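Enquirer: Dropping the structure in here first, questions after.
2 protein chains.
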Amino acid sequence: MKQEATAQSEFRLKNEGLINDAKKLVESYPRVPITVDCVIFGFDENELKVLLIRSDLEIFKDKWSLLGDFAADNELLDDAAYRVLKERTGMDDVYLAQVKTFSRPNRHPGGRVLTVAYCSLLNIEHHQLSKMDNELHWHAVKTIQEMDMAFDHKEIMNECYCWLQKRIQEHPLGFNLLPEKFSLRELQNLYEAILDIKMDRRNFRKKFFAMDFLIDTGEFEDDVPHRPGKLYQFDFQKYKHTKKKWSGIDFG
Amino acid sequence: MKQEATAQSEFRLKNEGLINDAKKLVESYPRVPITVDCVIFGFDENELKVLLIRSDLEIFKDKWSLLGDFAADNELLDDAAYRVLKERTGMDDVYLAQVKTFSRPNRHPGGRVLTVAYCSLLNIEHHQLSKMDNELHWHAVKTIQEMDMAFDHKEIMNECYCWLQKRIQEHPLGFNLLPEKFSLRELQNLYEAILDIKMDRRNFRKKFFAMDFLIDTGEFEDDVPHRPGKLYQFDFQKYKHTKKKWSGIDFG
DNA sequence: TCAAAAGTGTTCATTATACACCCATGA
DNA sequence: TCATGGGTGTATAATGAACACTTTTGA
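Sequences listed follow chains W and A, in order.
Residue numbering for the first sequence follows the working numbering, starting at 68 and increasing by one per position.
Residue numbering for the second sequence follows the working numbering, starting at 68 and increasing by one per position.
Right under this line is the structure:
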């Protein structure tokens, strides 16, 4: 019993030594400030939009900026991105995904800052912006190419937009941008806006009905100046239990 | 003229002030050590392999580790990954892509270290490992699940493997793992190994011939104990000039 | 002559595309 | 009654999947 205790304490001592070695090693590494930047997409009036503010930095005072913040000590980057979303929009039930890390040494005028870009999607209708600080508001993605943006934020925006275009074809992300109940027209408008293409209405419906993830709510649109369409919900439960097939090799 | 000079110098002064503000801001951010970790895949003896070393860290001395290093001051992360590859394998004409950033606060025993995972692919035949320090060598990916790995390197490995499985179906990555001239059998073996599935040989050939990116070299395999197969090259030129179509919506 | 893998076509099922008319509603 | 978009079906083309035999080579 006593021997055991001794062995244990020896082990602890040795382990502490090893951890100290590790700490020393880590202390020898250069350190870099890390930020997260959120590219927050929304969909409204048949347009894909992105949420921007005027840059906090005086040097970029006339330029638009993504919503970002530095990562706190020991904060998981995903958590930092959720925190930024929460602080800026009040939302926390939002789709969020890490897209890419940007490291160009001169990307920040104040010295090297590394940023991790996150893409998030939220339903504009379900969220009235609470703070409008720094002219926080939605911009049509189509108009952004002509805007001045701070840092490398235009590059980050574009990467996230490409990511979204690809991703939305393989995953049911789009429903995070729509009201919980939506018409097929709204769904198609969303895809057409994001992919910037026109699709055949009949084939679009066929495709979604064939995937069989839409629940017919029995309800209908309201306040439309024409025949109201049926409203559907996406069956996330069923989707989760369906494992995707390999889509097959194709570079073309 | 003099006025102009004055205006210019005023502008410079003001600009310096703004940059100083930015610097002050950045100085207020927490700083984190950054590393890159490379998941280096190779293909040999009909198996997908990954290059590992014994961990440098005493605390992980019996565990296998990815090839990594800290990012130097003002070093682009891509450059850091290329540097690691060059230092460890001597190769610099290698496929390399950023996959994901890992930030769990306890992932490193020496304190918070953020790591950016890169995936790289290289042709084992074209490269004899020059240094064998730390037992550097190739491990079959299939056997790795049972191995002990340092840090969160098994998680990183798995993420990169999934990335590769998806990516190789949509992009011509596989050719980076094969000799410049390869038989269709080798190509199919590669796909079967990476995707861990069996494919029909006739359909596989049809698919690749239909994509029309294979150049018939007119040469044949050598040193095979059976009828030699034709050798092909991938037409990277033609591929580059072919823009991909949208593959179409499908979550199934 | 044998073993081992190369090379090759057809059929069938599934999926994608193109396309036009009637219907329900609100104004 | 009109304008607007909702809702539907069919024919054709393209693609994917299943499947077996002959050929060439080296041993």
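Where a beta carbon is used, it is the ideal one built from N, C-alpha and C, also for glycine.
Keep in mind it's a predicted model, so treat the numbers as computed, not measured.
Once you ignore the five residues that flank valine 161 of chain A on each side, which residues in its own chain have a CB closer than 6 Å to its CB?
Expert: Taken in chain order, the residues that qualify are Leu152, Ser187, Leu189.
Enquirer: Count the other CB atoms, across all protein chains shown, that sit within 10 Å of the CB of aspartate 111 of chain A; report buried if there are 16 or more and exposed otherwise.
Expert: Classification for aspartate 111 of chain A: exposed.
Enquirer: Taking valine 180 of chain A as the query, report the chain W residues whose CB atoms sit under 8 Å from its CB, ordered along the chain.
Expert: Near valine 180 of chain A (Cβ distances below 8 Å), the residues of chain W are Val93, Tyr96.
Enquirer: Excluding five sequence neighbours on each side, which residues of the same chain lie with their C-beta closer than 8 Å to the C-beta of phenylalanine 287 of chain A?
Expert: Excluding residues within five positions, the ones whose Cβ falls inside 8 Å are Pro295, Gly296, Lys297, Leu298.
Enquirer: CA-CA distance, histidine 238 of chain A and methionine 216 of chain A?
Expert: Cα to Cα, the separation comes out at about 29 Å.
Enquirer: Return the residue from the list W/Asp290, W/Glu142, W/Lys221 that minimises the CA-CA distance to isoleucine 211 of chain W.
Expert: Nearest option by C-alpha distance: W/Lys221.
Enquirer: Under 8 Å, with one C-beta from each stretch per pair, do the region 88 to 102 of chain A and the region 119 to 136 of chain W reach the 3-pair mark?
Expert: Counting Cβ pairs under 8 Å, three or more are found: they touch.
Enquirer: Suppose you measure from the CA of leucine 257 of chain W to the CA of tryptophan 131 of chain A; what does that come to, to the nearest Å?
Expert: In a straight line, the C-alpha of leucine 257 of chain W is about 47 Å away from that of tryptophan 131 of chain A.
Enquirer: Does the distance from the C-beta atom of isoleucine 316 of chain A to that of glutamine 300 of chain W stay below 8 Å?
Expert: Contact flag unset, no.
Enquirer: Identify every run of the beta strand (DSSP E) within the region 124 to 178 of chain A, keeping only runs that are complete inside it and at least 3 residues long; order them along the chain.
Expert: Complete beta strand (DSSP E) runs here, min 3: 134 to 137, 162 to 169.
Enquirer: Looking at the strands, I want to know which residues DSSP matches up with tyrosine 96 of chain A.
Expert: Partner(s): none; tyrosine 96 of chain A has no beta bridge.
Enquirer: Give me the residue from A/Lys312, A/Asn225, A/Met214, A/Arg252 with the minimum Cα distance to arginine 269 of chain A.
Expert: Residue A/Arg252 is the option with its Cα nearest to arginine 269 of chain A.
Enquirer: Mind checking arginine 79 of chain A: buried by the 16 CB within 10 Å criterion, or exposed?
Expert: Label assigned to arginine 79 of chain A: exposed.
Enquirer: Leaving out the 5 sequence neighbours to the left and right, which residues in its chain are closer than 8 Å to leucine 245 of chain A when beta-carbon positions are compared?
Expert: Phe110, Asn190, Glu253, Leu254, Leu257.
Enquirer: Quick check on the DSSP output: the alpha helix (DSSP H) that includes glutamine 236 of chain W runs from which residue to which?
Expert: Its alpha helix (DSSP H) spans residues 220 to 237.
Enquirer: Just verifying my parser: in three-state terms, what is the DSSP assignment at histidine 293 of chain A?
Expert: Histidine 293 of chain A falls in the coil class under three-state DSSP.
Enquirer: Since phenylalanine 249 of chain A is in the alpha helix (DSSP H), which residue starts that stretch and which ends it?
Expert: Where phenylalanine 249 of chain A is concerned, there is no enclosing alpha helix (DSSP H), given that its DSSP letter is neither H nor E.
Enquirer: What do you get for isoleucine 321 of chain A, buried or exposed, if any count of 16 or more other CB atoms within 10 angstroms of its CB means buried?
Expert: Nothing about residue 321 of chain A can be reported from this structure: the residues present for chain A run from 68 to 319 only.
Enquirer: Strictly under 8 Å for the Cβ-Cβ distance: is glutamine 300 of chain A near chain W by that measure?
Expert: Chain W, which has no Cβ nearer than 8 Å to the Cβ of glutamine 300 of chain A, makes this no.
Enquirer: Taking the C-alpha atoms as reference points, what is the distance between glutamate 202 of chain A and glutamate 247 of chain A?
Expert: Computed Cα separation, rounded: 28 Å.
Enquirer: Using three-state DSSP, classify methionine 216 of chain A as helix, strand or coil.
Expert: Three-state DSSP puts methionine 216 of chain A in a strand.
Enquirer: Run the CB neighbour count on tryptophan 313 of chain W, radius 10 Å, all protein chains shown included, and call it buried at 16 or more, exposed below.
Expert: With fewer than 16 Cβ atoms within 10 Å of its Cβ, tryptophan 313 of chain W is classed as exposed.
Enquirer: Taking arginine 155 of chain W as the reference, which of W/Asn113, W/Ala164, W/Trp205 has the closest Cα?
Expert: When only C-alpha atoms are compared, the closest one is W/Trp205.
Enquirer: Under 8 Å between beta-carbons, which chain A residues line up against glycine 319 of chain W? List them in chain order, please.
Expert: Residues of chain A passing the Cβ test: Met278, Thr309, Lys311, Lys312.
Enquirer: Compute the Euclidean distance between the alpha carbons of aspartate 15 of chain W and lysine 128 of chain W, then round it to the nearest angstrom.
Expert: A query on residue 15 of chain W cannot be resolved here, the shown segment of chain W reaching from 68 to 319 and no further.
Enquirer: DSSP three-state call for glycine 109 of chain W: helix, strand or coil?
Expert: It is a strand residue.
Enquirer: Identify every residue that forms a DSSP beta bridge with alanine 277 of chain W.
Expert: According to DSSP, alanine 277 of chain W bridges with nothing at all.
Enquirer: Would you check if the distance between the CB atom of threonine 58 of chain A and the CB atom of valine 103 of chain A is smaller than 8 Å?
Expert: The shown model of chain A, from 68 to 319, leaves out residue 58 of chain A, and the question about it has no answer.
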